Structures are given as structure tokens and as C-alpha cells.
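> Each residue of the sequence shown is one higher than the one before, starting from 2 at the first, in this note's numbering.
Cβ atoms here follow ideal geometry from the backbone N, Cα and C, with glycine treated the same way.
Source: prediction; values computed, not measured.
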Amino acid sequence: MRTWGWGLGAAVLALGLAGCGDKEAAPAPAAVDPAFAAEQQQWRQQRYTELHAPDGWTSLVGLHWLEHKAHYIGSGPGSGIRLAVGPAKLGMVAHRGDILTFTPERGTALTVDGKPLTGPIRFQSDRDPAPTLIGFDDGKGQLSLIHRGERYALRVKHADAYSRTGFTGLNYWPGGPDWRISARFVPHPAGKTLPIVDITGLTTEMPNSGALEFERDGKTWRLEALGEPGRELFVIFGDRTSGHGSYPAGRYLDLPAPDASGKVVIDFNHAYNPPCAFTPFATCPLTPPENRLDLKVEAGEQAYHTPQGGV
Numbered sequence: 002m003r004t005w006g007w008g009l010g011a012a013v014l015a016l017g018l019a020g021c022g023d024k025e026a027a028p029a030p031a032a033v034d035p036a037f038a039a040e041q042q043q044w045r046q047q048r049y050t051e052l053h054a055p056d057g058w059t060s061l062v063g064l065h066w067l068e069h070k071a072h073y074i075g076s077g078p079g080s081g082i083r084l085a086v087g088p089a090k091l092g093m094v095a096h097r098g099d100i101l102t103f104t105p106e107r108g109t110a111l112t113v114d115g116k117p118l119t120g121p122i123r124f125q126s127d128r129d130p131a132p133t134l135i136g137f138d139d140g141k142g143q144l145s146l147i148h149r150g151e152r153y154a155l156r157v158k159h160a161d162a163y164s165r166t167g168f169t170g171l172n173y174w175p176g177g178p179d180w181r182i183s184a185r186f187v188p189h190p191a192g193k194t195l196p197i198v199d200i201t202g203l204t205t206e207m208p209n210s211g212a213l214e215f216e217r218d219g220k221t222w223r224l225e226a227l228g229e230p231g232r233e234l235f236v237i238f239g240d241r242t243s244g245h246g247s248y249p250a251g252r253y254l255d256l257p258a259p260d261a262s263g264k265v266v267i268d269f270n271h272a273y274n275p276p277c278a279f280t281p282f283a284t285c286p287l288t289p290p291e292n293r294l295d296l297k298v299e300a301g302e303q304a305y306h307t308p309q310g311g312v
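Here is the structure:
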């Protein structure tokens, strides 16, 4: 999908490789459906574009948890919350109960939702209908507010983050069409939830509308799916490649809603890494015990190796 040297062709070629004896010539690679190869290339290109965008997950440079008080923000040494990059003095966040406000530093060029910011504003979090987005450094930097459990944190992004400018692209397992598997959706009683722990240790009860059952290697496997009934599904899973070529904490799948017959196609070639694979400044949900498969899923993204150096 991307500009990587090995390209999709090598991955496609690997689908057809087989072992051979010492005196046997290697068999010709098995033919791969061109439509499948093109779809995979398109998906991988989109994934790369989203990760490498100026405000993508690789642009994170900070995550700062707030206490119930006023916080002065900036990259200068006198700041209570010191940013890795940006103006020496950015402004002040006041946290009183469930009300958070932001007051810009006088003389600092900032924007709010793309418009000049000149005075105090209510700071809306990602749980609000219209989250606030504060821009700095001519739009290269972004400051937003996240709400997790009972706590709030400032999330900081910058287009010049080394994790973005040094992004090395993604590697994939060989995968193949046989990892595109038809599953049966088994609905749960209305209102069922599943406790999901995130990387910060916070547990959240998430809607768990049903489970997905599928066949592989002569066995039946089951994955709990997150989401509201009749809506798209989200699956967090681990497998025998987790920590052995895949990201140790597991991978994610975005799946369509079940069709009228209760069928869902799971394309493990689209298994992708959580944001925490690329940055220490994300709050990723982790694999629930129910979704740890005793199966090698050699499809989808492999573990990412973070570049060293920079901010």
C-alpha cells in the first residue's frame, strides 16, 4: 500500500510459497486473485495515510492528566504542564468540577476550531457533541481534551513529532484470501456489556451485542464483539502471534453489522495495531480474556518498531 521497499507484491508472492525437498525445484507461486490484491493494497494505503496524517496517531507528543485546579501550559520552564513542543506560554486550563475552561496567553497566536482564539472558552472534551480543538504553531500543533472515567487529560499533537517524521511504515503477515472468514453472529440479551480494561488501568463497561463464531483449522472459535445491536462491530483480540511478531497487547478489527441472516465476514488481513503500538500517549483498550485465541493469526499488521530519537 505504501512506499515501502518490499511492497505488496512480496506479501502476495509469499501466499503461494511452499516448502520443498533438497532436490526438488520450488513450485511456481499460486495465483492470487487480482481483485483481492488490489483491495488489500487500497486498504493498506488508507491505513498508512491515516496514521501518517499531520494529526494522525503518529503525531502525538503528550498526554497530561489534569487535577482539580488551574494549569499553566507551555513549553517554557515555568509551565505547570510543560509541552514537548510549542510556544513557551500557551495559556491556562482551569478544572472545576465538570467544567473546564481555557484562557489563551496574551500575544500567543492560537485558533479554536480553525478560528482565531482571543479570549476564554469552555473546553469541550471528546465525550461532548462538539469537542474543542485548539491550534498552535500555525496549525501544526493541536491541543484537545479527553475524558476517561472521572478524569480529564490534555492530548497534544504536532505535525513535526519525530514519531511521525520518522515513521517507517508497516509490515504485514502473509495473510491471504483464506483469512477472510464467514462468521455467525450470536446475539446477546439486550443491554449486555463487557468490561474492557485500557492501558491506563481504567475499566469501562462497553456494549457487547453478541459474539462471532467461525471455523478455522477444523475448530470453532469465538470472539466477543463490541457495539450496539444492529450497528458496526469492534473486536479486540489476541492470538498466538501476540508478542511473537504481532503487537503484544493484541490487535483490532472493524467489522460491518451482521446481515439479515446473521452473517459477518471477518477479514483478518485487516487486523490492525492499537494506537499504543505507535505512541506512549494513547489510552488503548486491551484484549479481554474472552478474546485470546489459541490460534496463530498470521494475517494483518505485524508489530511496529518505534524509531529512536527526537520528540
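If you draw a straight line from the alpha carbon of Leu296 to that of Gln42, how long is it in whole angstroms?
Your numbering for residue 296 matches position 295 in the sequence shown. Your numbering for residue 42 matches position 41 in the sequence shown. C-alpha separation (whole angstroms): 25 Å.
> Please state whether DSSP places Leu111 in a helix, a strand or coil.
The residue you call residue 111 lines up with position 110 of the sequence shown. Leu111 falls in the coil class under three-state DSSP.
> Taking buried to mean at least 16 other C-beta atoms within 10 Å of its own C-beta, is Ala278 buried or exposed?
Here residue 278 corresponds to residue number 277 of the sequence shown, with the count starting at 1. Ala278 is buried by the Cβ-count criterion.
> Going by C-alpha distance, which of Arg152, Gly202 and Leu213 is nearest Ile100?
As a working note, residue 100 is residue 99 in the sequence shown. Closest option to Ile100, Cα to Cα, is Arg152.
> Whose CA, out of His148, Ala272, Lys116 and Thr133, lies closest to the CA of Arg123?
For the purposes of this step, residue 123 is identified with residue 122 of the sequence shown, where counting begins at 1. The shortest CA-to-CA distance from Arg123 to any of His148, Ala272, Lys116 and Thr133 is the one to Thr133.
> According to DSSP, simplified to helix, strand and coil, what is His271?
Here residue 271 is taken as the residue at index 270 of the sequence shown, counted from 1. In the structure shown, His271 sits in a helix (DSSP, three-state: H, G or I).
> Buried or exposed: Ser183, going by 16 or more other Cβ atoms within 10 Å of its Cβ?
In the sequence shown, residue 183 corresponds to position 182, counting from 1. It is exposed - the Cβ of Ser183 has fewer than 16 other Cβ atoms within 10 Å.
> So, at 7 Å on beta carbons, what are the nonlocal neighbours of Glu51 in its own chain, with the 5 sequence-adjacent residues on each side left out?
In the sequence shown, counting from the first residue as 1, residue 51 sits at position 50. So the qualifying residues of the chain are Gly57.
> Indicate whether Leu61 and Ser164 have their beta-carbon atoms separated by less than 8 Å.
Here residue 61 refers to the residue found at position 60 of the sequence shown. Here residue 164 refers to the residue found at position 163 of the sequence shown. Result yes, Cβ atoms of Leu61 and Ser164 sit closer than 8 Å.
> Which runs of the alpha helix (DSSP H), 4 residues or longer, sit entirely within the region 92 to 167?
163 to 166, all fully within the region 92 to 167.
> DSSP three-state label for Asp56, please.
The residue labelled residue 56 in the question sits at position 55 within the sequence shown. Of the three classes helix, strand and coil, the one that applies to Asp56 here is coil, per DSSP.
> Report yes if the C-beta distance between Pro289 and Ile237 is below 8 Å; otherwise report no.
Your numbering for residue 289 matches position 288 in the sequence shown. Your numbering for residue 237 matches position 236 in the sequence shown. Yes, the pair counts as a contact, with Cβ atoms nearer than the cut-off.
> Going by the beta-carbon positions, is the gap between Thr221 and Glu214 smaller than 8 Å?
Sequence index remark: in the sequence shown, residue 221 carries index 220 (1-based). Sequence index remark: in the sequence shown, residue 214 carries index 213 (1-based). Taking 8 Å as the Cβ cut-off, Thr221 and Glu214 qualify as a contacting pair.
> Near Ala131, which residues of its chain fall below 7 Å by C-beta distance, leaving aside the five closest residues on each side in sequence?
Along the sequence shown, one-based indexing puts residue 131 at 130. Same-chain partners within the cutoff: Gln125.
> I need the straight-line Cα distance from Leu254 to Gly150, nearest angstrom please.
As a working mapping, residue 254 is identified with position 253 in the sequence shown. As a working mapping, residue 150 is identified with position 149 in the sequence shown. In this structure, the CA atom of Leu254 is about 24 Å from the CA atom of Gly150.
> At what residues does the beta strand (DSSP E) containing Pro286 begin and finish?
Locating residue 286 in the sequence shown gives position 285, where the first residue counts as 1. Where Pro286 is concerned, there is no enclosing beta strand (DSSP E), given that its DSSP letter is neither H nor E.
> The beta strand (DSSP E) with Trp66 in it runs from where to where?
As a working mapping, residue 66 is identified with position 65 in the sequence shown. Note, Trp66: beta strand (DSSP E), Leu61 to Trp66.
> Quick one, which of Ser210, Ala39, Pro55 and Arg181 has its alpha-carbon nearest Ile267's?
Translated into positions along the sequence shown, residue 267 becomes position 266. Per the Cα distances, Arg181.
> What whole-angstrom Cβ distance do Gly92 and Pro105 have, given they're in contact under 8 Å?
Residue 92 sits at position 91 when you count from the first residue of the sequence shown. Residue 105 sits at position 104 when you count from the first residue of the sequence shown. Right, their Cβ atoms sit about 4 Å apart.
> Measuring alpha carbon to alpha carbon, tell me which residue in Gly63, Thr194 and Pro55 is nearest Ala347.
Absent from the model: residue 347. The displayed extent of the chain is 2 to 312, so no value can be given.
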